[in-house]
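In order, the protein sequence lines correspond to chains A, B and C. The first sequence maps to residues 419 to 654 in this note's numbering. The second sequence maps to residues 7 to 299 in this note's numbering. The third sequence maps to residues 293 to 616 in this note's numbering.
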Amino acid sequence: MNKTNPLLSVSDLHAWYGESHALHGVNLEVFEGETVTLLGRNGVGKTTTLRAIMGLIRKRTGKIEFEGKDLMRLPLHRTAYAGIGFVPEERGIFATLSVEENLMLPPVVSKGGMTIEEIYKLFPNLEERRNSQGTKLSGGEQQMLAIARMLRTGVKLLLLDEPTEGLAPVIVERIGEVLKTLKQRGMTILLVEQNFRFARRIADRFYLMEHGVVTTGFPVEELDERMAVLHEVLGV
Amino acid sequence: MIFGIPIQALFGQLLVGLINGSFYAMLSLGLAIIFGMLRIINFAHGAQYMLGAFAGYMLLAYAGIGYWPALILAPILVGLTGIVIERLALSRLYNLDHLYGLLFTFGLALVLEGVFRYYYGVSGQAYSPPPLLAGGTNLGFMFLPNYRAWVVVASLIICLGTWLLIEKTKLGAYLRAATENPSLVQAFGVNVPLLLTLTYGIGCGLAGLAGIMAAPVYQVSPLMGSNLIIVVFAVVVVGGMGSILGAIITGYVLGLAEGLTKVFYPEASSIVIFVIMAIVLLLRPAGLFGKDA
Amino acid sequence: MADVTMTGTQSTVGTRLEWLLIAVGIVALVAAPFFFYPIFLMKLLCFALFACAFNLLLGYTGLLSFGHAAFFGGAAYFTAHAVKVWGWTPEAGVLLGVAGAAVLGLVMGFLAIRRQGIYFAMITLALAQMFFFFCLQAPFTHGEDGIQGVPRGDLFGLVDLRMPTNMYYFVLVVFLIGVFAIWRIVNSPFGMILKSIRENENRAISLGYSVQRYKLAAFVMSAVLAGLAGSVKALVFQFATLTDVGWQMSGEVILMTLLGGIGTMVGPIVGAALVVTLQNYLATSEFPVTVVTGAIFMICVLLFRRGIVGEVYARLANWNGDRH
């Protein structure tokens, strides 16, 4: 793991929803091949951080660099081509598209993505239901589809917003396996997650967010000794 | 004789209804596509239809270019003006209330219509059908002018083709997805602003195509679009803009209904579509194919 | 259409300025016939009232009607017919016109409020067009000719409206009553509910208001006042024609309101004055009026959506804000 040059580096990131100031100077780094989890209570700006990195929130200041390239100046549709894929919290499966159309929708942004056969091997359910309407899938299958469609594109970094939210334990298990597989293949992941047990199994490092800033960061090995503090901050 | 109506008159009016329906279908299809992506009701659609007819007329009058090349050129010209308008003006209105788009394109329609009235007056210009389609065929029960038969067939092909483009192609998948959630599609790397520009261009091009096809049927006149567009609005209210196929079917059905009314109760033929709209609003406020109440 | 309106800029400065403008305006209107052609002034007042009535719906309820010509022109036909054919007095004729507009408003409104936003606009446009075709074919409207030579008669059997000055002051009084009524409606508890519907329809529903009924009531009130303007206009010009029920007329009243300032009391009056003056000016030239009105539409939408009066308020509010 190359610890000198981060793949993604965010410094002093501020973001606004209209007039309301949501991020107050976020600093974080993600290195190649790492899985990093953002922790924090609801409303501290975790989702906003992902959306600001992706460029979905345009009212933002600070610095976002990906492989040394400045992302702040890129229009929204160029950010993906830098090599970043986004899986939104609400999953964003299109109702007017079939499962396969949903899967094929995001353009391939660079080489090295999975082929459709590989994807179907990883997600056999999706192949079975390739001709169904996207939103007819179960919540778990929709989440799989939302992740799967980013794998074709050849992105290096996945931004995953609460992939286990509202899903049954069996499905959460399955998503954990998928993310591990991706990790083995060298995918870098920045994850927002409330589910501790899930996060500790796949994350290499954690960042804790409070009131629109990152207050602390630590590797997974320190998770147990920080548990007491985390319980207090997160209220879990 | 059917219900005391000569069979020839009945089929004659049904054909007129089918012809009108073809134009309703093509125009409401364009309106629905534009509305789906841009969330703008294109009031200038009627004016762009007029522009298509005039493009055909002017190509012939000033450049000697006939119907068949004009059938390609007129929609392209109208589509290009649409692209310019979208880039210069409409793209600035997307974040505002949708009604501003309606008001802007209403102003645009007034300007286009006014300019052509200034140069060509209100009386129509004749535009003959191409020699290939001149004359007609006697079907035994009625006389079918060849050009009209062509209009019905061509409009069906155009409507079905557009429907297939949207439902079955990659570009169509982008359009459908962007209609649902434009920012996510853009975050995936699709150039949505470009897609919006193209959609408006294609929608306007469809109006222009309908216009050049209409030129030999109706007179080419500056006012040909404004009265039509209000009827097409009623068609769109009846069909609902959620469904492309719904817009097409409603267009043909209401055209036929209008034709039938001309046979049985001619006084009401100009308002029958509005009456149907009122009835649909009472019974199914969301429209026949509409999901959006 | 929440962002059309501009309650935020209507500061105390705006209100004070409005009172001053109203006072100056009334004095000017009383004195005006000594300086301008009464017929021009009466036309202006009729359209100003029409635009104010329209603004009651768009500016204060957030509903864009594209069919207000039906009420304006319809009432003109009813009044003209009653006065000319039935020999009614002018006040009875006006009352009939207004009642007719109310019925039309009730029917059109009942259908149109079943859909929202852009569909509402299209439905009102289509229904008004249906009424246009009705007027084109119905015998009493005399088709393309319209109802010509409508007598003005004596108001309450006392005031001879054939005298231009008398007619002018009658129109002025009707105008002032109409605008006062709108002002009262807007500032009543009912008006507050309308504004809350405009700002956030769903919230108004969740607060327990039967939003549909309020919308319909606002629609009918707007139709009644638009009808009042149309009835009086029929007496002023002594005719009623298809022009007044066509979609172009519905577009014109939108333009007046947009140009002057949607959601302001004075805006539509200023807008109407400008548009009527412009039309009078262009009437003598070869240049087609629709090109100019269309261009103004596009410019207003692109560059100053607040309209002239709205823009003035915004500047004043800024200036006032800077001082504190």
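Using N, Cα and C, we set each Cβ at its ideal position, and we do this for glycine too.
Inset, instruction - Measuring alpha carbon to alpha carbon, tell me which of A/F504, A/T633, A/M490 ends up nearest A/E580. - result: The count along the first sequence starts at 1 and reaches residue 580 of chain A at position 162. Minimum Cα distance to A/E580 is reached at A/F504.
Inset, instruction - Going by DSSP, name the residue or residues bridged to A/N445. - result: For the purposes of this step, residue 445 of chain A is identified with residue 27 of the first sequence, where counting begins at 1. Beta-bridge analysis with DSSP links A/N445 to no other residue.
Legend entry - A/K477 versus B/A76: straight-line alpha-carbon distance, rounded: Locating residue 477 of chain A in the first sequence gives position 59, counting from the first residue. Locating residue 76 of chain B in the second sequence gives position 70, counting from the first residue. If you take the alpha carbons of A/K477 and B/A76, they lie about 47 Å apart.
Inset, instruction - Identify each residue in the segment 163-193 of chain B for which the Cβ-Cβ distance to at least one residue of chain A is less than 8 Å, and report them in chain order. - result: Residues passing the 8 Å Cβ filter: K176, A179, Y180, R182, A183, T185, E186, N187, S189, L190, V191, Q192, A193.
Legend entry - Neighbouring residues, chain A, relative to B/V196 (Cβ below 9 Å): Here residue 196 of chain B refers to the residue found at position 190 of the second sequence. Here the neighbours are H495, A498, L523, P524, P525.
Inset, instruction - Below 6 Å CB to CB, which residues in the same chain sit around B/L177 once its five sequence neighbours on both sides are set aside? - result: As a first step, residue 177 of chain B must be located in the second sequence, where it is residue number 171. Spatial neighbours of B/L177 in its own chain (CB-CB distance under 6 Å, excluding positions within 5 residues in sequence) are not present.
Inset, instruction - With a floor of 4 residues, list each alpha helix (DSSP H) that falls wholly inside the segment 462-501 of chain A, ordered by position along the chain. - result: Taking only runs of at least 4 residues, the alpha helix (DSSP H) segments lying wholly in the segment 462-501 of chain A are 464-472, 494-501.
Inset, instruction - List the whole-angstrom C-beta distance separating C/L551 from C/I600, where the pair is believed to meet the contact cut-off of C-beta under 8 Å. - result: Position 259 of the third sequence holds residue 551 of chain C. Position 308 of the third sequence holds residue 600 of chain C. Yes, C/L551 and C/I600 are in contact; Cβ-Cβ is about 6 Å, under 8 Å.
Inset, instruction - Give the DSSP-derived three-state secondary structure of C/D295 in the structure shown. - result: On the third sequence, position 3 is the one that residue 295 of chain C refers to. Caution applies to C/D295, whose pLDDT of 40 falls short of 50 and renders its modelled position unreliable; the model cannot decide the point.
Legend entry - Cβ pair count under 8 Å reaching 3, the segment 308-319 of chain C against the segment 431-448 of chain C: Under the 8 Å Cβ criterion, the segment 308-319 of chain C does not count as touching the segment 431-448 of chain C, having fewer than three qualifying pairs.
Inset, instruction - Look at A/I607 and A/Q560 and say whether their C-beta atoms are less than 7 Å apart. - result: Walking along the first sequence from the start, residue 607 of chain A turns up at place 189. Walking along the first sequence from the start, residue 560 of chain A turns up at place 142. Going by C-beta atoms, A/I607 is not nearer than 7 Å to A/Q560.
Inset, instruction - Take the Cβ of B/K174 as the centre, count every other Cβ of all protein chains shown within 10 Å, and call the residue buried at 16 or more, exposed below. - result: Residue numbering aside, residue 174 of chain B sits at position 168 when the second sequence is read from its first letter. Under this definition B/K174 is an exposed residue.
Legend entry - Check whether B/G58 and B/G214 have beta carbons under 7 Å apart: To locate residue 58 of chain B, count along the second sequence from 1; it is residue 52. To locate residue 214 of chain B, count along the second sequence from 1; it is residue 208. Yes.
Legend entry - C-alpha gap between A/R548 and A/E518, whole angstroms: Walking along the first sequence from the start, residue 548 of chain A turns up at place 130. Walking along the first sequence from the start, residue 518 of chain A turns up at place 100. Rounded to the nearest angstrom, the two C-alpha atoms are 5 Å apart.
Inset, instruction - Step through the CB atoms of chain B and report whether any lies within less than 7 Å of the CB of A/L641. - result: For the purposes of this step, residue 641 of chain A is identified with residue 223 of the first sequence, where counting begins at 1. Interface residue (Cβ-Cβ distance to chain B less than 7 Å): A/L641 is not classified as such.
Inset, instruction - With a 10 Å radius around its C-beta and 16 neighbouring C-beta atoms as the bar for buried, classify A/R567 as buried or exposed. - result: The residue you call residue 567 of chain A lines up with position 149 of the first sequence. In the assembly as shown, A/R567 is a buried residue. Its beta-carbon has 16 or more other beta-carbons within 10 Å.
Legend entry - C-alpha distance - C/L370 paired with C/I588, whole-angstrom precision: Residue mapping note: residue 370 of chain C aligns to position 78 of the third sequence, counting from 1. Residue mapping note: residue 588 of chain C aligns to position 296 of the third sequence, counting from 1. In the sequence as displayed, the identity of residue 370 of chain C is Phe instead of Leu. Cα to Cα, C/F370 sits roughly 32 Å from C/I588.
Legend entry - Residues in the segment 457-468 of chain C having any Cβ partner in chain B nearer than 9 Å: Those would be none; no residue qualifies.
Inset, instruction - Check whether the Cβ atoms of C/A384 and C/A367 lie closer than 7 Å to each other. - result: Taking the third sequence and counting its residues from 1, one reaches residue 384 of chain C at position 92. Taking the third sequence and counting its residues from 1, one reaches residue 367 of chain C at position 75. Against a cut-off of 7 Å, the Cβ pair of C/A367 and C/A384 comes out as no contact.
Inset, instruction - For the segment 63-146 of chain B, list the alpha helix (DSSP H) runs that are entirely contained and at least 4 residues long, ordered along the chain. - result: Listed in chain order, they are 73-94, 104-126.
Inset, instruction - Taking C/Q571 as the reference, give the member of C/I410, C/V478, C/M548, C/Y506 with the closest Cα. - result: What you label residue 571 of chain C is simply residue 279 of the third sequence in a count that begins at 1. Distance check between C/Q571 and each of C/I410, C/V478, C/M548, C/Y506 places C/M548 closest, using alpha-carbon atoms only.
Inset, instruction - State yes or no: is the beta carbon of B/A95 nearer than 7 Å to at least one beta carbon in chain C? - result: Locating residue 95 of chain B in the second sequence gives position 89, counting from the first residue. At a cut-off of 7 Å between beta-carbon atoms, B/A95 makes contact with chain C.
Inset, instruction - Spell out the partners DSSP gives C/P456 in its beta bridges. - result: Here residue 456 of chain C is taken as the residue at index 164 of the third sequence, counted from 1. The beta-bridge partner set that DSSP reports for C/P456 is empty.
Inset, instruction - Compare the C-beta of A/E519 with all C-beta atoms of chain B and state if any pair is closer than 7 Å. - result: As a position in the first sequence, residue 519 of chain A is number 101, starting the count at 1. At least one CB of chain B lies nearer than 7 Å to the CB of A/E519.
Inset, instruction - Determine the direct distance from the alpha carbon of B/M64 to that of B/G70, and round the result to whole angstroms. - result: The residue given as residue 70 of chain B occupies position 64 in the second sequence. The residue given as residue 64 of chain B occupies position 58 in the second sequence. Distance between the alpha carbons of B/G70 and B/M64 is about 9 Å.
Inset, instruction - Identify whether A/T453 lies in helix, strand or coil by the three-state DSSP scheme. - result: For the purposes of this step, residue 453 of chain A is identified with residue 35 of the first sequence, where counting begins at 1. The DSSP-derived three-state label of A/T453 is strand.
Inset, instruction - Enumerate, from N- to C-terminal direction, the unbroken alpha helix (DSSP H) stretches of 4 or more residues contained entirely within the segment 452-499 of chain C. - result: Runs found: 456-478, 481-491, 493-498.
Legend entry - Nearest residue (CA-CA) to B/M32, options B/A274, B/L260, B/G146, B/F295: Working through the second sequence from its first residue, we reach residue 32 of chain B at position 26. Closest in C-alpha terms to B/M32, from the list B/A274, B/L260, B/G146, B/F295, comes B/L260.
Legend entry - Cβ-based burial, A/N520 [other Cβ within 10 Å; buried from 16]: The count along the first sequence starts at 1 and reaches residue 520 of chain A at position 102. Buried, because 16 or more other Cβ atoms sit within 10 Å of the Cβ of A/N520.
Inset, instruction - Whole angstroms is fine: what's the gap from C/L419's alpha carbon to C/F402's? - result: Position 127 of the third sequence, counting from 1, holds the residue named residue 419 of chain C. Position 110 of the third sequence, counting from 1, holds the residue named residue 402 of chain C. Roughly 11 Å between the two C-alpha positions.
Inset, instruction - Let me know the alpha helix (DSSP H) ranges lying completely inside the segment 191-268 of chain B, each 4 residues or longer, listed in chain order. - result: Counting only unbroken stretches of 4 or more residues, the alpha helix (DSSP H) elements lying wholly within the segment 191-268 of chain B are 198-220, 230-245, in sequence order.
Inset, instruction - Give the DSSP-derived three-state secondary structure of B/D298 in the structure shown. - result: By one-based count along the second sequence, residue 298 of chain B stands at place 292. Because B/D298 carries a pLDDT of 49, less than 50, the predicted location of this residue cannot be relied on, and the following value inherits that uncertainty. Correct three-state label for B/D298: coil.
Legend entry - Separation of A/T465 from A/G436, as counted between CA atoms: Within the first sequence, residue 436 of chain A is the residue found at index 18, counting from 1. Within the first sequence, residue 465 of chain A is the residue found at index 47, counting from 1. Linking A/G436 to A/T465 through their CA atoms gives a straight-line distance of about 16 Å.
Legend entry - Span of the alpha helix (DSSP H) around A/F614: Within the first sequence, numbered from 1, the residue matching residue 614 of chain A stands at position 196. Secondary structure note for A/F614: its alpha helix (DSSP H) is the uninterrupted segment 614-620.
Inset, instruction - Assign A/P493 to buried or exposed, taking buried as 16 or more other Cβ atoms, counted over all protein chains shown, within 10 Å of its Cβ. - result: Taking the first residue of the first sequence as position 1, residue 493 of chain A is located at position 75. With fewer than 16 Cβ atoms within 10 Å of its Cβ, A/P493 is classed as exposed.
Inset, instruction - Figure out for me which residue from A/F541, A/V647, A/P524, A/S550 has the closest Cα to the Cα of B/Y180. - result: To locate residue 180 of chain B, count along the second sequence from 1; it is residue 174. Comparing Cα-Cα distances from B/Y180 to each of A/F541, A/V647, A/P524, A/S550, the minimum goes to A/P524.
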